[in-house]
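Counted from 1, the sequence shown has number 691 at position 691 by the UniProt record's numbering; the numbering is strictly sequential. Using N, Cα and C, we set each Cβ at its ideal position, and we do this for glycine too. The structure appears below as structure tokens.
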Amino acid sequence: MNWRSDLSAALTKFSETLDHIPELRDKLRKEIAGLQTELEEETTLIVAGEFKAGKSTFVNALLGRSELTVDVLPTTAVMTKLTYGSEKKVLGHFQNGTIKEYSAEWLPQLTAEVGGEMAKLRKELAYVELQLPIERLKTLHIIDSPGLNSSHDEHTEATRSMLDRADILIWVFSYQFTGSFTELEQIDDILRRQIPIIGLVNGIDSHDEEEEALEDFLAGQQRRLQGKIDRLIGVSAREALKAMEEGNQQRLLYSGWPQVDKLINSIKQDSSLMPARVFRRVEILLKQIEEYFTQEKSESCVSRFQPLIDSFISTDFPEMQRFVNKGRKEYEEAYSRVSQWLNIYKAKLRSPEEIQKVTMQLGGKAEELSHYIKDKFSSFKHSFDSYTSQVEPLRKQSDELIQQWPEISWGGLRRFRKIKRFATEMAACQIMRSELEVIHTGLNKTRGQILSDIQSLDTLIKKNIQTAIDPDYTTMDSLSKEWKAKLERLNIKYKEIDAKALDRLDRLYSIHSAFIKAFQPAFISPDKVVTAVDSYQRSKHHYENIKVSLPELSIEQARKDFNEFFRLPSVWSEKIRAGIKGNISADFVTSMLIPHLPQKVDYDAEGLLRGIKKNVVESASLVSLILFIILAYYLSNNSSSKEENNADGIALEQNTPSSLDPPSFTPAATQPVESPEIIPAAAYDPEEIANFLDDMYSRVPSESRTGNFDPKVYFTDEAWQVYEPYVKQFYSNVRTQEINRGIYALRTGEMVAMRDEVYETDNERLTYQVTFEVTTRQDQTLVVSNVSINQHAKEPIGIVADVGAMEQFLQDYRANYFDTLNEDDFRLVSSYLTPDGEAYSELLKYTASISGRGYKFEHVDFKINNIKQSGPNVYVASTSEGFITYDYAVNKQAEYHRKKQYFIRALDKDKFSIDRIVILDTQKQTQEITPQTVEEGNVFDDVYSE
Ligand SMILES: Nc1nc2c(ncn2[C@@H]2O[C@H](COP(=O)(O)OP(=O)(O)OP(=O)(O)O)[C@@H](O)[C@H]2O)c(=O)[nH]1
Ligand SMILES: [Mg+2]
């Protein structure tokens, strides 16, 4: 009883599992349902045999009365099952599972081979159940089957389907025809199904005892059956039935029926029959299940995946985890060190002190050098300031001298003392100036040295930082590569094991374990009777086979590990690598410090010195000329003051041309000195000459422009030839200044008038020194006989920008421009742009347009080709620049090379702002870039997802 409930529970439990696996459920449903009914069934005896062997007659005899139709023609058409019921009842069990009750008189129609409307109905019947209030049927169900080998195939089929449901089978042989070929075939089939079979030879009433003993006859029949049947009983069912109906014991004995009674009793008592029958069916079920597992196992690639999953769980995944934990730590440490350096690199260093702070972290040569630079820097500044403070008084003094000159120079001999004093002061001034000249040369030299020191420091720091970063960078790089390589290798190795594969395995294993668990109790320890049953042993064997058919596999672990594997953190960023590379290439100290270095000394000094030079040189030359005249005159009259004067005169003559005057500044007026004939100026009337020249000056520009000017009035042909192109050149320009330098006698009948003329063009101020030689014509009228013109100075108008500072300004702008793009902060660059300028609005628009796109810009190069002034305070810088943009959204990069013009406004000599930027030429090259890392483009994504 126990084994039945165990088995029933197993079936119920397993059926529940099958609800999730429709294909298997459909396949096994019938079998399981059948088995479950089977467990409820009483011991069942099936009566089979060839048609007309007397099966129905035999069954009637078993019942003790004629309930079933018996005929000489093939009669039993439908399997008829006899069960116990309190009253007679006929139930039709249809093939589709429905059961219908019929009244008793319909029984022959339903079961027997008769024509009419029932014939069609019979074909749909699985069997007919006849319930009878007969005691025997309470413990034994009897099935009467249609004769095998009958002409109706459905009979045979119906019989076969019932065979598996029987505990024992009685094969009824006809006394007349035992052991035909087909009969033996049928018996073989039954034997194959493991159904216990008992042979019954019916109709022994026809046997003649006198001819042959019945035992001998039966033994002969058994031989004909080739030993297929162990036991053969001879009986006459018809006689037995009759004897029972008559109550004739003698006749019953004669019919051989007592043997049958004994047989039936032994069947009823045989407790192994039912488990044998049930486990025969269990075996069929298990075979199907085994088949399913075998097929699923091969389709889910268990044998291929098992070693893979095992190695992933036990080796590859833990190894990767260890690598990630360790590698990430190393990577982060390296990255934080690198970041520190990069932060130093990004710091805006505005002074030598700040640089020193940084270099102290670097130590070694960089630190030394920065100390040195700092000291040099401050001593330079100190010298520069003292230089500036000395330049100022000198300027004042020279201005005074310049102012004094006309007064003194007109005095002639009567002002001799004044001239002497002037010459002395002049000489002192010269000396001072020479000293300053030395200082300024020294200062510039120092400045140059500082600049080059800064350059070396820059290189050194860059190298130091690079050296400091390098090992970490290499670590990061190799970790990144190792990570990628590992990932790629595992990718390939485990590419087949995706979520689908794991799902399938998972399902297979869960059905499997549900199966094992469900059937376990049924195979643990049923009672002895059951374990002795063959079909039980075979079933158990199948169960054990299925149990071990799948290897150990930790699918859940695999799923967990795979999931975790794909989510392993990734810190290996191409961005970081690109960032490091980009940063190190920037100029560090140079760009930061140079703007804070005082301007080149010679700017101020030169302007100042030029002022002194121009005036003093001119004066000095004239002074020397005049002194020469004076001395010549004086010496001829009074030799007492010779030494004093001579000394001054020589000092001036020696200093003037050699150390102070660059050749281009030498005024033309010095040339007449060569002339031997010197006439004192006093011999002429300078006022008359001045009027003549003023007249000429006022008419030349206006009249020559209208073509009314008659040069012959004022000029000789030769003189006009020189002067005319000069005048014409400046028709369109305004003469902004005229300084008459005086009229001097050159030789007899000749005067020299000198003056400075200043013209201003769009962007420069041109100073010319014009010397007119004035002489008299025959008619005593004055005429300009010779003109010499020297360009004296050429100065840009407006602010004279320091080109070095402007270059630095552009470099700074450029660096900040990249920061603006990469950090999405327009403020970083806005201070470089003229607020209402075109560049300002253009760049603002551009930065807004790329904001949030995640582009990365990398500086490649920036070269300033030249800077030219294009107007007062406006300069144009022509550049060649290169940069790369990275777009990680589409994994593209583009390298640009451009030529540009920057229109720069000078706000001061070292303060600028960009008005406009014009792109002259663009070259662009696009290319793909490798995706960043797994974190963004997981290769597993396609095959593996939750
Ligand atoms: N002489 C003799 N005749 C018998 C005996 N048993 C049955 N018969 C006769 O044999 C004929 C067939 O009997 P059934 O019981 O209908 O045989 P069956 O095997 O059920 O036939 P199907 O259902 O058609 O396969 C009937 O005429 C019976 O009277 C018997 O023991 N002796
Ligand atoms: Mg029959």
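Chain-order list of residues whose beta-carbon lies under 8 Å from that of valine 72 (same chain, five-residue window excluded): When the five nearest sequence neighbours on each side are left out, the beta carbons in the same chain lying within less than 8 Å of the beta carbon of valine 72 are those of Lys52, in order along the chain.
Through-space distance from tyrosine 127 to isoleucine 198, alpha-carbon basis: Between the C-alpha atoms of isoleucine 198 and tyrosine 127 there is a straight-line separation of about 23 Å.
Cβ-based neighbour list, aspartate 19, same chain, cut-off 6 Å, excluding 5 preceding and 5 following: Nothing meets the Cβ criterion.
Spatial distance of aspartate 472 from tyrosine 335 (CA atoms): About 7 Å.
Reference lysine 228, options Glu183, Leu263, Gln249, closest by Cα: Check the Cα spacing between lysine 228 and each of Glu183, Leu263, Gln249: the tightest is with Glu183.
Any non-hydrogen atom of ligand 1 within 7 Å of arginine 238 CB: Under cutoff, so the answer is yes.
Serine 174 Cβ short of 7 Å to ligand 2 heavy atom set: Placement of the Cβ of serine 174 at a distance of 7 Å or more from every heavy atom of ligand 2 is found.
Proline 796 - DSSP class collapsed to helix/strand/coil: Look at proline 796 here: in three-state DSSP terms it is strand.
Alanine 53 CB to nearest heavy atom of ligand 1 below 7 Å: Checking every heavy atom of ligand 1 against the Cβ of alanine 53, one is found closer than 7 Å.
At least three beta-carbon pairs within less than 8 Å, the segment 240-252 to the segment 127-136: The segment 240-252 vs the segment 127-136: no contact.
Residue closest to alanine 77, alpha-carbon to alpha-carbon, out of Thr98, Asp695, Ser145, Arg29: Nearest C-alpha to alanine 77: Ser145.
Touch test, the segment 864-878 against the segment 799-808, Cβ-Cβ under 8 Å, three pairs minimum: Touching, yes.
Pairwise C-alpha distance: alanine 112 and lysine 100: Cα to Cα, the separation comes out at about 18 Å.
Pair within 8 Å by beta-carbon distance, alanine 10 and alanine 522: Taking 8 Å as the Cβ cut-off, alanine 10 and alanine 522 qualify as a contacting pair.
Whole-angstrom C-beta distance between isoleucine 267 and threonine 43, which should lie under 8 Å: With a Cβ gap of about 7 Å, threonine 43 and isoleucine 267 count as contacting.
Rounded Cβ spacing between asparagine 866 and serine 880 (contact assumed at less than 8 Å): The pair is not a contact, with the Cβ atoms about 11 Å apart (cut-off 8 Å).
Distance CB(asparagine 202)-CB(serine 180) smaller than 8 Å: No.
Glutamate 764 to glutamine 721 span [Cα, whole Å]: A straight line joining the alpha-carbon of glutamate 764 with that of glutamine 721 spans about 26 Å.
Alpha carbon of alanine 906 to alpha carbon of glycine 854, nearest angstrom: Alanine 906 and glycine 854: Cα-Cα distance of roughly 35 Å.
Segment contact flag, the segment 840-847 with the segment 855-863, C-beta cutoff 8 Å, min 3 pairs: Touching, no.
Inter-residue spacing [alpha-carbon to alpha-carbon] between serine 255 and alanine 166: Answer to the nearest angstrom: the Cα atoms are 26 Å apart.
beta-carbon serine 56 near ligand 2 non-hydrogen atom, thresh 7 Å: It does: the Cβ of serine 56 is within 7 Å (strictly closer) of some heavy atom of ligand 2.
Short Cβ contact (8 Å threshold) for alanine 276 with serine 535: Judged by their CB atoms, alanine 276 and serine 535 are nearer to each other than the 8 Å cut-off.
Stretch-stretch touch, CB-based, cutoff 8 Å, three pairs: the segment 314-331 with the segment 503-511: Contact check between the segment 314-331 and the segment 503-511: fewer than three CB pairs, one atom from each, fall below 8 Å, which does not count as touching.
Threonine 17: CB within 7 Å of a non-hydrogen atom of ligand 2: Result no, Cβ not under 7 Å from ligand 2.
Range covered by the alpha helix (DSSP H) that runs through tryptophan 3: Residues 2-18.
Glutamate 773, buried or exposed, once every other Cβ within 10 Å from all chains shown has been counted against 16: Buried, since its Cβ has 16 or more Cβ neighbours within 10 Å.
Valine 128 beta carbon near ligand 1 (any heavy atom closer than 7 Å): Valine 128: no, Cβ never under 7 Å from ligand 1.
heavy atom of ligand 4 below 7 Å from glycine 234 C-beta: Absent from the structure shown: ligand 4. Ligands present: ligand 1 and ligand 2.
Whole-angstrom C-beta distance between aspartate 164 and arginine 193, which should lie under 8 Å: Between aspartate 164 and arginine 193 the Cβ distance is about 6 Å, and since that is below 8 Å, they are a contact.
Per-residue DSSP class, three states only, for leucine 843: Reduced to three states, the DSSP call for leucine 843 is helix.
Element boundaries [beta strand (DSSP E), containing histidine 859]: Judged by DSSP secondary structure, histidine 859 falls within the beta strand (DSSP E) whose first and last residues are 856-871.
Host beta strand (DSSP E) of threonine 922 (start-end): Run containing threonine 922: 911-928, per the beta strand (DSSP E) assignment.
Start and end residues, beta strand (DSSP E) containing glutamine 778: Element bounds for glutamine 778: n/a, residue is neither H nor E.
Alpha-carbon to alpha-carbon, glutamine 295 and aspartate 470: Counting only the Cα atoms, glutamine 295 lies some 58 Å from aspartate 470.
Beta-carbon proximity of residue 958 to glutamate 283, cut-off 8 Å: Outside the displayed range of the chain (1 to 946) lies residue 958, so it cannot be described from this structure.
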